[in-house]
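**Q** Structure provided below as structure tokens; questions to follow.
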Amino acid sequence: MDAHHLSQRLLCVADLIEKGARLADIGSDHAYLPAYLALKGQIEFGIAGEVVKGPYENAKQEIKKEGLEDKVQARLADGLDAIELADQINVITICGMGGTLICDILEAGKDKLGDHPQLVLQPNVGEENVRRWLLANNYQITAEYIMEEDGHIYEVIAASYTDEKQTLTQEELQFGPYLLQKKNAAFQAKWQKEIAKLETILKELNKANQVPVAKKQALEAKIAQIGSVLNG
């Protein structure tokens with residue numbers, strides 16, 4: 004992967020960013036995403052935010068190599084502290100982290116969300132946490148994608164600020180309102196794997212001398228719920 008060839012998951016993120024955007028990519032992985040978008044003429048300005056010196060230097064090097072120093076800046080900062088008011092950022096991307104960490108970054112940087120930028124998020128795990136944070140902070144989910152790449156399954160969630168809070172069911176929070184509509188092969192694979200994991204735990208539980216009834220029932224209910232979604 005480089006600034007000319009993104010992974011499938013980052014291409015999906017890139018496709019959700021409108022032309023002319025002013026982008027802050029937090030945890031930028033060599034600045035590949037903002038550099039790619041700048042090379043395509045898709046963004047007006049980009050920030051590659053990194054909290055660790057090594058990745059920050061890598062991002063700087065990539066930007067320089069591609070001749071994009073007038074379009075993309077690498078910044079060494081914690082989370083949304085990479086954003087300054089003068090940047091006029093209207094899109095924030097956070098990719099390749101756990102959902103809890105993404106929520107922590109957004110929560111800690113709430114003062115940088117005053118102009119209500121679009122959020123495009125790619126959590127590796129904990130997608131339900133991300134959806135809950137978005138709803139609690141008046142962000143409406145506008146698009147979701149799920150894909151399998153190199154043996155891993157990734158979800159991408161795009162959201163825009165709204166004056167009225169979006170309402171989602173527990174099922175929609177867990178599985179994704181848009182993903183539930185399609186239930187594509189990656190969706191099926193993700194949740195079949197989850198069923199297999201829960202069934203293994205249940206099997207081990209049943210071997211115990213004293214089976215905790217409540218725990219067993221909770222696992223059985225989870226398995227049944229996921230099965231119902233997959234077959235519904």
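Residue numbers are given in my numbering: position 104 of the sequence shown equals residue 107, and the series is strictly consecutive.
Using N, Cα and C, we set each Cβ at its ideal position, and we do this for glycine too.
(1) DSSP state of E21, grouped into three classes?
(2) G99 and G30 look like a contact to me (Cβ under 8 Å); what is the Cβ gap, rounded to whole Å?
(3) How long is the line joining the alpha carbons of Y164 and N141, rounded to whole angstroms?
(4) Identify the continuous beta strand (DSSP E) that holds G52 and give its terminal residues.
(5) Let me make sure I understand the geometry here. Which of K210, N212 and E147 has the alpha-carbon closest to that of L183?
(6) Cutting at 6 Å between CB atoms, please list the residues of its own chain near K115, excluding the five before and the five after it.
(7) Considering only the beta carbon of each residue, do I66 and A77 sit closer than 9 Å?
(8) Could you compute how far the alpha carbon of I156 sits from the alpha carbon of A27?
(9) Could you check where the beta strand (DSSP E) with S163 kicks off and where it finishes?
(10) What residue ranges within the stretch 145–224 form continuous alpha helix (DSSP H) runs of no fewer than 4 residues, ordered along the chain?
(11) Using 8 Å for Cβ pairs, my map puts I149 next to E158. What's the rounded Cβ distance?
(12) Within 10 angstroms of its Cβ, does L208 collect 16 or more other Cβ (buried), or is it exposed?
(13) Check whether the Cβ atoms of Q121 and I95 sit closer than 9 Å, and answer yes or no.
(14) Does DSSP classify P126 as helix, strand or coil?
(15) What is the C-beta distance between A62 and L40, in whole angstroms, given that I count them as a contact (C-beta under 8 Å)?
(16) Name the DSSP bridge partner or partners of D5?
**A** For this structure:
(1) coil
(2) 7 Å
(3) 6 Å
(4) I46 to E53
(5) E147
(6) L83 and I86
(7) yes
(8) 24 Å
(9) H155 to Y164
(10) 173–178, 182–185 and 188–210
(11) 5 Å
(12) exposed
(13) yes
(14) strand
(15) Not really, about 14 Å apart at Cβ, beyond 8 Å.
(16) H8
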